[in-house]
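So the sequence lines, in the order shown, correspond to chains A and B.
Quick note: the first sequence uses my numbering, first residue 5, plus one each step.
Quick note: the second sequence uses my numbering, first residue 5, plus one each step.
Glycine is no exception: its CB is placed at the ideal position from the N, C-alpha and C atoms.
Following: one structure in structure tokens, then a few remarks.
There are 2 protein chains.
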Amino acid sequence: MAGKQKESSCPTQLEHAECGKRIMAVRDALDIISGKWKLPIILALTFGDKRFKEMERDIQGITAKMLSKELKDLEMNDLVKRTVYDTMPVTVEYSLTDYGGTLKKLIGELHTWGAQHRKRILGKK
Amino acid sequence: MAGKQKESSCPTQLEHAECGKRIMAVRDALDIISGKWKLPIILALTFGDKRFKEMERDIQGITAKMLSKELKDLEMNDLVKRTVYDTMPVTVEYSLTDYGGTLKKLIGELHTWGAQHRKRILGKK
Numbered sequence: 005m006a007g008k009q010k011e012s013s014c015p016t017q018l019e020h021a022e023c024g025k026r027i028m029a030v031r032d033a034l035d036i037i038s039g040k041w042k043l044p045i046i047l048a049l050t051f052g053d054k055r056f057k058e059m060e061r062d063i064q065g066i067t068a069k070m071l072s073k074e075l076k077d078l079e080m081n082d083l084v085k086r087t088v089y090d091t092m093p094v095t096v097e098y099s100l101t102d103y104g105g106t107l108k109k110l111i112g113e114l115h116t117w118g119a120q121h122r123k124r125i126l127g128k129k
Numbered sequence: 005m006a007g008k009q010k011e012s013s014c015p016t017q018l019e020h021a022e023c024g025k026r027i028m029a030v031r032d033a034l035d036i037i038s039g040k041w042k043l044p045i046i047l048a049l050t051f052g053d054k055r056f057k058e059m060e061r062d063i064q065g066i067t068a069k070m071l072s073k074e075l076k077d078l079e080m081n082d083l084v085k086r087t088v089y090d091t092m093p094v095t096v097e098y099s100l101t102d103y104g105g106t107l108k109k110l111i112g113e114l115h116t117w118g119a120q121h122r123k124r125i126l127g128k129k
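Given below as structure tokens:
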């Protein structure tokens, strides 16, 4: 077994456990926010509370069906709040929960990386 | 038109443009790294260069077919490098490119968020 150690991808048992734990945490986060639309929806809501139609317009390429499904998922995970106002006709607004707000830093990193990636790709052409 | 302004999700034209640009940058980043496996693969490679079999073992739940597809995508986007060593039998190792390394900060944020999310969920039970 000791001879095999050098071939292992995580050199020590401690690092191997840490490696697995980190992968699990990253996958936990990805399970919640993965897919093409969840983070763009959350980002749109960082600019203020929005109605369904407003989000549909702001997030290019999203369909009403997808937006509706994603909003339900985000609500279930306590990231987005849906508020119904007793007006005539009824007004429905979506907002970020405090917990949803904890994703802002992550979204900031995605934005920074995405912006430089676009620059890099355009520079290559 | 001016009367409609208040209903808009982005209060000023400038903010509206900024809102769209940010969503686009986040989506650019997500296009490259989205899906269940790309970031876990990149994370596994931050622990050092690895062979295919090592990654298959470290990333629980991934199949050889998925791993192979994802590695090809990552190679195409210059995030991962595949090196063939002229040994008998041939050895193939995968490593993170310098560009792939620029994702470390983003992965760090995902790790932090994922770890606290797991704590939060476990706390609720």
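Range covered by the beta strand (DSSP E) that runs through residue i
{"i": "residue 85 (chain A)", "result": "84 to 89"}
{"i": "residue 99 (chain A)", "result": "95 to 100"}
Cβ separation of residue i and residue j, assumed to be a contact under 8 Å, to the nearest whole Å
{"i": "residue 215 (chain A)", "j": "residue 84 (chain A)", "result": "Nothing can be reported for residue 215 (chain A), as the shown portion of chain A is limited to 5 through 129."}
{"i": "residue 167 (chain B)", "j": "residue 48 (chain B)", "result": "Here chain B has residues from 5 to 129 only, and residue 167 (chain B) is not among them."}
{"i": "residue 70 (chain B)", "j": "residue 41 (chain B)", "result": "6 Å"}
Host alpha helix (DSSP H) of residue i (start-end)
{"i": "residue 49 (chain A)", "result": "42 to 50"}
{"i": "residue 116 (chain B)", "result": "108 to 128"}
{"i": "residue 59 (chain A)", "result": "56 to 62"}
Those residues which DSSP pairs with residue i across a bridge
{"i": "residue 73 (chain B)", "result": "For residue 73 (chain B), which the question treats as bridged, DSSP gives no partner whatsoever."}
Which residues, taken in chain order from the region 59 to 87 of chain A, show a beta carbon closer than 8 Å to some beta carbon of chain B? 59, 61, 62, 63 and 64
Please list, in chain order, the residues of the region 99 to 116 of chain B that have any C-beta partner in chain A closer than 9 Å. Along the region 99 to 116 of chain B, the positions whose C-beta sits under 9 Å from a C-beta of chain A are 103, 106, 107, 109, 110, 111, 112, 113, 114, 115 and 116, read in chain order.
Give, in chain order, every residue of the region 36 to 60 of chain A whose Cβ lies closer than 8 Å to some Cβ of chain B. 36, 38, 39, 40, 43, 44, 47, 48, 51, 52, 54, 55, 58 and 59
Any 3 or more C-beta pairs closer than 8 Å across the region 102 to 121 of chain B and the region 29 to 48 of chain A: yes
By the 9 Å beta-carbon criterion, what residues does the region 19 to 32 of chain B contribute toward chain A? 19, 20, 22, 23, 24, 25, 26, 27, 28, 29, 30, 31 and 32
Examine the Cβ distances between the region 24 to 33 of chain B and the region 87 to 98 of chain B and report whether three or more of them are shorter than 8 Å. no
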